[in-house]
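Input: a single structure, listed below in structure tokens.
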Amino acid sequence: MNSRVSMEAFLLLLFCSQVIHASPLFEYGDAVGDMKAKHSEFNYIISLPHEIYFAGMRYKQLHVTPFGSLGFKEQKFELVDWDGPREYDVKDPPFIAPLYFDSAFSAEQVSRQDESIYYRIVTDSYIRSNVTKIIQQSMVGGEFFNSSIVVIATWEGLIDRNDLMNGKVNKINTFQLVLAANKQETYAMFNYKEVYPKEKFYHAGINAGNYRGWTSVLPGKEKTDLSTLPHVSGFDVPGRFLFRVSSDLPERGGCTNITSEMHLSVSTRFIGMFGGEMLEVTGLCLEENTTALCTFQHLSQTKEDSKGIVINKAKIRCPVPRFLFRGETTLKVQLDTIDSSKPYAVVHVVLPKLKPETVTTLNPKDWDKTDVERLRISWKPHLLSLDYKARVNINLIGYKEDRHKPQYKKLVTIKKDHKLYERQFEFNPSKYSCRGSDCDYEIGFIEVELTNISKANSHVFLNSKIIPLGWYIAPTLRREIGANWASNKCEMMKRDVNYNKDWLDHLIPCPCNLDQALADFGRWLTEPSCNSFSNSKCRFHEEAVHCLKSTCPTVRAAGNQCCYRKDGSLIYSKDSYHGSTPDKAAAIGAYPYAKVNHVPQLSHWVWDVIPYYHCCLWSTNNCDIYMKLRPTKNCNSYKAPATS
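Residue numbers (mature numbering (1 follows the signal peptide of the UniProt record, and there is no 0)): -22 to -1, 1 to 622.
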């Protein structure tokens, strides 16, 4: 019995040791048909079947060098600190180097039989499939990648030139570079068996070339001991590291257990303020049954959390929540198994109008009405899921600002468990009227939300543009206030201390004519919904052909708006209901954003757009009230920008 237990323990130990010491290198050598470099040659050229991208440029030849690099142009070894500042008189070739070092392979005094450089274009479908699978599992945005070219270059048993001269032939270096590409994307996989770097000018990384910078294989700003390369976690086995190298800047994939100075990789750097995207995140090596919390923190310290979804040992998916701010935001992923407080990624939250519309409100004028029989929406189903059986809930999301804070709220689910790939939905709005405090929500948007988040593609929910909710609040307000509810709200605005005119004093004056306004592009930005450059309708300024908004909010978070006639003259609000009306809340928002009157776009709708609906669209004979509270600032004090 004891002997049997001992044998089982021995076999288990043997198996574990094989797993622990599994080499990250793919098969190489004469047996798999590799080409073998000669000691007398300096560059070994691989001609590719088609051009591939590296650092934003296209190449059709690779140059395998004896000094541990794969170049995209012919190069010679130079003692250059590629990771440091460089003079422009130093050549800066594009290359990828698993280990850039002064190898003794070429022009040796004594040829060593146990060192070799192998290279090949892979034709074995199993290896190509394996390489592709690793990339799909470990790279953000790589799940649909399929390789048309896989190149494997292996440096086996190479030693440093000085070590050879000093008789130190036991410090050998064996490593491998795998390049996988199609006509759009290129990935580099670094595989290390053993490394003994000697000089400070020895490097492991990616040089974009043309003085565009260096990226080290190991994360962190400080010089790192390259001898640790075979032992650092990279994804599936220690000693393996992955990068997407087709774009201008390399993108790190896989994961590593060096977390002190590591940056997370994310599938996109730009996310919408209304949320809904599903971010893929790599960088942290994950254990089984790990739970993850994704935290998005703005510079103003405002933050929002979402529950992360662990996909595999290197990849997490973070649903993007809704925000009340825009601009640079830090993403951190908190794990319950390891200290993950330091690694982070920087993403940028952008204005909703700068993101493509994912839910379309059909027949837009119907959505502005307080009485309408049918409302229709459509959406792009592939953004939510590729599963044709997937289901969605269609929700009405409201937004309001009270005296204390701005807030979102799910007001009602209009339709549950709707077929995603029906692509559209029509409903009778009279069935969905507000109750109680929900009647304070006068703007919002339609959300199409995936019911099963595990089936998500690039989004977990989709949003329409901002819509007025007159059709939602009007039935209740008519009963409680009367048929003139909109007129009453317009009249209340005159008495509301929050609508006092103090904020007007800080506005910059409008340019006196359109030519001046267009020339002053530093302080004024063309309004997308009303301009002479597009087919915009100027719906709220029908007399105008072009409107502009000030680019910077005032100290009171306000902004100015200036509209011009066909002859270029400024339209004053005292002369026309379609005049230049300043904004109490600047449309672009004002720092620190997540507070009343400061939220990008949404505050503008609450304090400027909805009052216009109350006074000019949902009631009659009240538009003069709105115009008096929004007087155009006289252009006489305008000063054109001077030449610096």
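Backbone N, C-alpha and C define an ideal beta-carbon position, used for all residues, glycine too.
May I ask you to list the residues that DSSP assigns as paired with H241? Here the question's residue 241 lines up with position 263 in the sequence shown. Y322, per the DSSP bridge assignment.
According to the Cβ coordinates, are D498 and K433 closer than 8 Å? On the sequence shown, residue 498 is found 520 positions in, with the first residue counted as 1. On the sequence shown, residue 433 is found 455 positions in, with the first residue counted as 1. Contact flag unset, no.
Counting Cβ pairs, one atom from each stretch, are 3 or more of them under 8 Å apart for the region 368 to 377 and the region 397 to 405? The region 397 to 405 and the region 368 to 377 touch, with three or more beta-carbon pairs separated by less than 8 Å.
Just the Cα atoms here: how many angstroms apart are residue 638 and R218? No answer is possible for residue 638: the residues shown for the chain start at -22 and end at 622.
Are the Cβ atoms of A536 and W481 separated by less than 8 Å? Translated into positions along the sequence shown, residue 536 becomes position 558. Translated into positions along the sequence shown, residue 481 becomes position 503. Contact flag set, yes.
So, using beta-carbon positions, are G135 and S94 closer together than 8 Å? If you number the sequence shown from 1, residue 135 lands on position 157. If you number the sequence shown from 1, residue 94 lands on position 116. Between G135 and S94, the C-beta gap is smaller than 8 Å, which places the two residues in contact.
Along the chain, where does the alpha helix (DSSP H) that runs through D602 open and close? Position 624 of the sequence shown, counting from 1, holds the residue named residue 602. Following the DSSP letters along the chain, one finds D602 inside the alpha helix (DSSP H) bounded by residues C601 to L607.
Taking the DSSP output, what are the residues bridged to V303? What you label residue 303 is simply residue 325 of the sequence shown in a count that begins at 1. The question names Val, yet the displayed sequence has Phe at residue 303. In DSSP, F303 forms no bridge with anything.
Three or more C-beta pairs below 8 Å linking the region 39 to 58 and the region 119 to 126: With the cut-off at 8 Å, the region 39 to 58 and the region 119 to 126 do not touch.
Nearest candidate by alpha-carbon position, reference F518, set T529, C530 and E505: What you label residue 518 is simply residue 540 of the sequence shown in a count that begins at 1. Per the Cα distances, E505.
Residues bridged to S194 (per DSSP): Looking up residue 194 in the sequence shown gives position 216. Within the DSSP bridge table, the entry for S194 names G183 as partners.
Return yes when the C-beta of Y165 is under 7 Å from any heavy atom of the ligand FAD, and no when it is not. Of ligands this structure carries none, so the ligand FAD is not represented either.
Going by DSSP in three states, R543 sits in which element: helix, strand or coil? Residue mapping note: residue 543 aligns to position 565 of the sequence shown, counting from 1. In the structure shown, R543 sits in coil (DSSP, three-state: anything other than H, G, I, E or B).
Secondary structure, beta strand (DSSP E): runs of 3+ residues fully inside the region 6 to 38: DSSP assignment within the region 6 to 38 yields the following whole beta strand (DSSP E) runs of 3 residues or more, N-terminal first: 22 to 32.
Among V109, E56 and P453, nearest to Y165 - alpha-carbon criterion: Numbered from 1 along the sequence shown, position 187 holds the residue referred to as residue 165. The shortest C-alpha separation from Y165 is found at V109.
How many Å lie between H209 and K293 at the Cα? What you label residue 209 is simply residue 231 of the sequence shown in a count that begins at 1. What you label residue 293 is simply residue 315 of the sequence shown in a count that begins at 1. Approximately 20 Å, taken between the alpha carbons.
Look at the alpha carbon of I30 and the alpha carbon of Y97, and state the distance between them as a whole number of angstroms. Reading the sequence shown from its first residue, position 52 is the one you call residue 30. Reading the sequence shown from its first residue, position 119 is the one you call residue 97. If I take the Cα positions, the gap works out to 18 Å.
Bridge partner(s) assigned by DSSP for C281: By one-based count along the sequence shown, residue 281 stands at place 303. The question names Cys, yet the displayed sequence has Lys at residue 281. DSSP lists Q275 as partners of K281.
DSSP beta-bridge partners of N373: Counting from one through the sequence shown, the residue named residue 373 turns up at place 395. According to DSSP, N373 bridges with T391 and E425.
T532 in three-state terms, based on DSSP: For the purposes of this step, residue 532 is identified with residue 554 of the sequence shown, where counting begins at 1. If DSSP states are grouped into helix, strand and coil, T532 belongs with coil.
Residue nearest to I355 in terms of C-alpha spacing, selected from T193, D346 and L340: Here residue 355 is taken as the residue at index 377 of the sequence shown, counted from 1. The option with the nearest alpha carbon to I355 is L340.
Helix, strand or coil at V526 [DSSP, three-state]: Residue numbering aside, residue 526 sits at position 548 when the sequence shown is read from its first letter. Per the sequence shown, the amino acid found at residue 526 is Leu instead of Val. When secondary structure is reduced to three states using DSSP, L526 falls in the strand class.
Under 6 Å Cβ to Cβ from C592, same chain only, skipping five residues before and after it: list those, please. The residue you call residue 592 lines up with position 614 of the sequence shown. Note on residue identity: the sequence assigns His, not Cys, to residue 592. Excluding five sequence positions before and after H592, the CB atoms of its chain that fall closer than 6 Å to its own CB belong to A464, K467 and C468, given in chain order.
From G253 to P299, what does the alpha carbon distance come to, in whole angstroms? Stepping through the sequence shown from its first residue, residue 253 is reached at position 275. Stepping through the sequence shown from its first residue, residue 299 is reached at position 321. Going by the C-alpha atoms only, they are around 5 Å apart.
Neighbourhood of Y189 by C-beta, 6 Å cutoff - its chain only, sequence neighbours within 5 removed: The residue labelled residue 189 in the question sits at position 211 within the sequence shown. The residues are D70.
In whole angstroms, what separates the C-alpha of E200 from that of A82? Sequence index remark: in the sequence shown, residue 200 carries index 222 (1-based). Sequence index remark: in the sequence shown, residue 82 carries index 104 (1-based). Any reading at E200 needs caution, since the residue's pLDDT is 49, under 50, leaving its predicted position unreliable; the model's value is listed next. The alpha-carbon atoms of E200 and A82 are separated by roughly 28 Å.
A159 burial status per 10 Å Cβ neighbour count (16 or more: buried): Position 181 of the sequence shown holds residue 159. With 16 or more Cβ atoms within 10 Å of its Cβ, A159 is classed as buried.
Distance between beta carbons of R543 and E520, contact taken as under 8 Å: As a position in the sequence shown, residue 520 is number 542, starting the count at 1. As a position in the sequence shown, residue 543 is number 565, starting the count at 1. About 11 Å; that fails the 8 Å criterion.
Euclidean distance between Cα positions of H276 and I249: On the sequence shown, residue 276 is found 298 positions in, with the first residue counted as 1. On the sequence shown, residue 249 is found 271 positions in, with the first residue counted as 1. Between H276 and I249, the C-alpha separation is close to 13 Å.
Start and end residues, alpha helix (DSSP H) containing Y97: In the sequence shown, the residue the question calls residue 97 occupies position 119. Unbroken run through Y97 is the beta strand (DSSP E), S94 to I99; no alpha helix (DSSP H).
The beta strand (DSSP E) that contains P76, what's its start and end? Start at 1 with the first residue of the sequence shown, and residue 76 comes out as number 98. For P76, the uninterrupted beta strand (DSSP E) segment begins and ends at F73 to Y78.
I'd like the list of long-range same chain contacts for residue 644, defined as Cβ closer than 8 Å, with 5 residues on each side in sequence excluded. The chain is shown from -22 up to 622; residue 644 falls before or after that span and cannot be answered.
Taking the beta carbon of Q402 as the centre, do at least 16 other beta carbons fall within 10 Å, making it buried, or is it exposed? One-based indexing of the sequence shown puts residue 402 at position 424. In this structure Q402 is exposed. Its beta-carbon is surrounded by fewer than 16 other beta-carbon atoms within 10 angstroms.
Cβ neighbour criterion (16 or more within 10 Å) applied to Q162: Here the question's residue 162 lines up with position 184 in the sequence shown. Exposed is the call here.
Terminal residues of the beta strand (DSSP E) in which I249 lies: By 1-based counting over the sequence shown, the position of residue 249 is 271. Start and end: F248 to G250.
Once DSSP output is grouped into helix, strand and coil, what is the label at C613? One-based indexing of the sequence shown puts residue 613 at position 635. The three-state secondary structure of C613, taken from DSSP, is helix.
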